[in-house]
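Working notes, beginning with the structure itself.
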Amino acid sequence: ARGNARLYKFADMSKAKVDKRAFPLAEAKLTNKILDIISQANNYKQLKKGANEATKALNRGSADLIILAADTTPLAILLHLPLLCEDKNVPYVFIPSKAGLGRACGVSRSVIACAILANEQSQIQSQITDLKNEIEKLLV
Numbered sequence: 001a002r003g004n005a006r007l008y009k010f011a012d013m014s015k016a017k018v019d020k021r022a023f024p025l026a027e028a029k030l031t032n033k034i035l036d037i038i039s040q041a042n043n044y045k046q047l048k049k050g051a052n053e054a055t056k057a058l059n060r061g062s063a064d065l066i067i068l069a070a071d072t073t074p075l076a077i078l079l080h081l082p083l084l085c086e087d088k089n090v091p092y093v094f095i096p097s098k099a100g101l102g103r104a105c106g107v108s109r110s111v112i113a114c115a116i117l118a119n120e121q122s123q124i125q126s127q128i129t130d131l132k133n134e135i136e137k138l139l140v
């Protein structure tokens, strides 16, 4: 999963229009780290793709982290997720590109939201915890 990190190249994502309501927005380095962990979570079956599945994961209490695409049009179709995240005390972050998010999720379409699921026995749990801590710093 490490070798395909070059697929996500941030340069092609920066062209996307980003709404000011998309806060907190991850910068290039953090975005690449997020996309790398998303692809690993997908390999470990710890990923829910799409706004509806992310909402369900939050409501069930199984979501560990929510990633949203800032170039979603209209953005309002996923603005219920940050509110739900704050209610459930789950960190969330926007990344610039839905196409990049789709690629990281292993889907040929663009993805506007995804949830990384909690699993204490997972081999990538320490990486997910580190990422959560970085994202929580953005939210303060």
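Numbering (full-length UniProt numbering), first residue to last: 1 to 140. Backbone N, C-alpha and C fix where the C-beta goes; we use that ideal spot for every residue, glycine too. Please read all numbers here as calculations on a predicted model, not as lab measurements.
For residue i: DSSP bridge partner residues
i: residue 95; result: 69
i: residue 48; result: 115
i: residue 63; result: 117
i: residue 25; result: 94
Residue i versus residue j: straight-line alpha-carbon distance, rounded
i: residue 134; j: residue 95; result: 14 Å
i: residue 25; j: residue 110; result: 18 Å
i: residue 91; j: residue 19; result: 20 Å
i: residue 52; j: residue 58; result: 10 Å
i: residue 119; j: residue 137; result: 22 Å
i: residue 130; j: residue 88; result: 19 Å
i: residue 61; j: residue 34; result: 21 Å
i: residue 93; j: residue 74; result: 17 Å
Residue environment, residue i, which counts as buried when at least 16 other CB atoms sit within 10 Å
i: residue 76; result: exposed
i: residue 100; result: buried
i: residue 140; result: exposed
i: residue 43; result: exposed
i: residue 98; result: buried
i: residue 128; result: buried
i: residue 55; result: buried
8 Å contact criterion, which residue i and residue j should meet: CB distance rounded
i: residue 132; j: residue 65; result: 6 Å
i: residue 17; j: residue 71; result: 6 Å
i: residue 79; j: residue 21; result: 7 Å
How about the segment 29-49 and the segment 88-105: do they share at least three Cβ pairs that are nearer than 8 Å?
Segment contact: the segment 29-49 against the segment 88-105, three or more CB-CB distances shorter than 8 Å; contact assigned.
Decide yes or no for the touch test of the segment 110-122 against the segment 43-54: beta carbon pairs closer than 8 Å, at least 3 of them.
Yes, since at least three Cβ pairs between the segment 110-122 and the segment 43-54 fall closer than 8 Å, the two stretches touch.
Three CB pairs or more closer than 8 Å across the segment 118-134 and the segment 68-85:
With a cut-off of 8 Å, the segment 68-85 and the segment 118-134 do not count as touching, because too few Cβ pairs lie within range.
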